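Novice:
Protein chains in written order, with this note's numbering: chain E, 1 to 72; chain C, 1001 to 1214.
(1) Residue range of the alpha helix (DSSP H) that residue 39(E) falls in?
(2) Which stretch, first to last residue, makes up the beta strand (DSSP E) that contains residue 1189(C)?
(3) Could you check if residue 69(E) is buried or exposed, using at least 16 other CB atoms within 10 Å of its CB as the buried criterion?
(4) Buried or exposed: where does residue 1089(C) fall if 16 or more other Cβ atoms within 10 Å of its Cβ makes it buried?
(5) Give the residues from the stretch 1049–1069 of chain C that approach chain E closer than 9 Å (Cβ to any Cβ), ordered along the chain.
(6) With distance defined between alpha-carbon atoms, name the residue in 1175(C), 1084(C), 1049(C) nearest to residue 1129(C).
(7) Just confirm the distance between the C-beta atoms of residue 52(E) and residue 33(E), as a whole number of angstroms; I'd bet it's less than 8 Å.
(8) If we cut at 9 Å on Cβ distances, does residue 23(E) have a partner in chain C?
(9) Kindly identify the DSSP beta-bridge partner or partners of residue 1116(C).
(10) Starting from the beta carbon of residue 1109(C), find every residue of chain E whose beta carbon is closer than 7 Å, and list them in chain order.
(11) Please check if any C-beta of chain E sits within less than 9 Å of the C-beta of residue 1134(C).
(12) Indicate whether at least one CB of chain C lies closer than 9 Å to the CB of residue 18(E).
(13) Here's the rule I'm using: 16 or more other beta-carbon atoms within 10 Å means buried, otherwise exposed. How should residue 1046(C) be labelled?
(14) Classify residue 1175(C) as helix, strand or coil using the three-state DSSP reduction.
(15) Which word fits residue 1087(C), buried or exposed, when buried means at least 16 other C-beta atoms lie within 10 angstroms of its C-beta?
(16) Just confirm the distance between the C-beta atoms of residue 1138(C) and residue 1179(C), as a whole number of angstroms; I'd bet it's less than 8 Å.
(17) Got a sec: which bits of the stretch 1013–1028 of chain C sit with their beta carbon under 8 Å from any beta carbon on chain E, in order along the chain?
(18) For the stretch 1056–1064 of chain C against the stretch 23–42 of chain E, are there 3 or more C-beta pairs whose distance is under 8 Å?
(19) Would you mind reading off the limits of the alpha helix (DSSP H) that contains residue 1016(C)?
(20) Determine the DSSP secondary structure at residue 1110(C), reduced to helix, strand or coil.
Below, the structure written as structure tokens:
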């Protein structure tokens, strides 16, 4: 079934793959099962190249800094 | 913002968006990163740079408000677990082993079918179960298998294998919360039978399951 959640998974996959250079097919499977935040949280235990893992960790830190800055 | 924090922000912004550090330096002299992500035009960059910042904001909003990670079901007790497993295993004419992978608050990370067997048995291999739990960074797991005969009473083998599984998971720091045997429309919790030695509560207070980023 193609619904809004599926679209969200595909959209987040596109963005994360564009920012990190990760394999979109693998990312879509993981985001489908774990959510985008789940993929970010579990990235070190998933089978991604180390460059992609580092980009995801940088992205996670940037999102946290952005969120903190919005609260101030 | 302190110089060290600003340097870190500039590094991260460059790493993620590819926008050069000097440009970031100038912009973050005037604006916070929150302001820039909320209004990418403040960056006064090229169309491509503006688009990248828009995507960053889109991702942030999606993760905060729509991501299934935050709305995952929490397993608060044997009834939650049995409801889940009975919905998946009742009526099967062969034996299967399922595993729910949980985070520290016993929210479901993922559900996996670990083995499918014949009429009488399906393999329950500690190494495979542990490997899957580690792959998804699970803090806790709940195992279930079904008896196609319809009798949910655990066998002596079920009891022995549960004790062995708990020891295996203990060694890698993952909590085996429960093992359920599904038979017909019923299930039996080996935790409730006292087979599992518990160090912690099965139940996780709903008060600890508040949403939000870690």
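Where is the CB? At the ideal position from N, CA and C, for every residue including glycine.
Quantities reported herein were computed from a predicted structural model and do not represent experimental measurements.
Specialist: With the structure as the only source:
(1) That run of the alpha helix (DSSP H) goes 24–42.
(2) Per DSSP, residue 1189(C) is one residue of the beta strand (DSSP E) stretching across 1186–1189.
(3) The residue in question, residue 69(E), is buried, as its Cβ has 16 or more Cβ neighbours within 10 Å.
(4) Result: buried.
(5) Here the close residues are 1052, 1055, 1056, 1057, 1058, 1059, 1060, 1062, 1063, 1064, 1066, 1067, 1068, 1069.
(6) Of the candidates 1175(C), 1084(C), 1049(C), the one whose C-alpha sits nearest the C-alpha of residue 1129(C) is 1175(C).
(7) Here residue 52(E) is actually not in contact with residue 33(E); their C-beta atoms are around 17 Å apart, not less than 8 Å.
(8) False, the Cβ-Cβ gap to chain C never drops below 9 Å.
(9) DSSP lists 1096(C) as partners of residue 1116(C).
(10) At a beta-carbon threshold of 7 Å, the residues of chain E lying near residue 1109(C) are 34, 38, ordered along the chain.
(11) At a cut-off of 9 Å between beta carbons, residue 1134(C) contacts chain E.
(12) Yes, contact with chain C.
(13) That one is exposed.
(14) Reduced to three states, the DSSP call for residue 1175(C) is strand.
(15) Sixteen is the threshold: since fewer than 16 other Cβ atoms of the shown chains lie within 10 Å of the Cβ of residue 1087(C), the residue is exposed.
(16) Between residue 1179(C) and residue 1138(C) the Cβ distance is about 15 Å, and since that is not below 8 Å, they are no contact.
(17) Residues 1013, 1015, 1016, 1017.
(18) Under the 8 Å Cβ criterion, the stretch 1056–1064 of chain C counts as touching the stretch 23–42 of chain E, having at least three qualifying pairs.
(19) Where residue 1016(C) is concerned, the enclosing alpha helix (DSSP H) starts and stops at 1003–1017.
(20) The three-state secondary structure of residue 1110(C), taken from DSSP, is strand.
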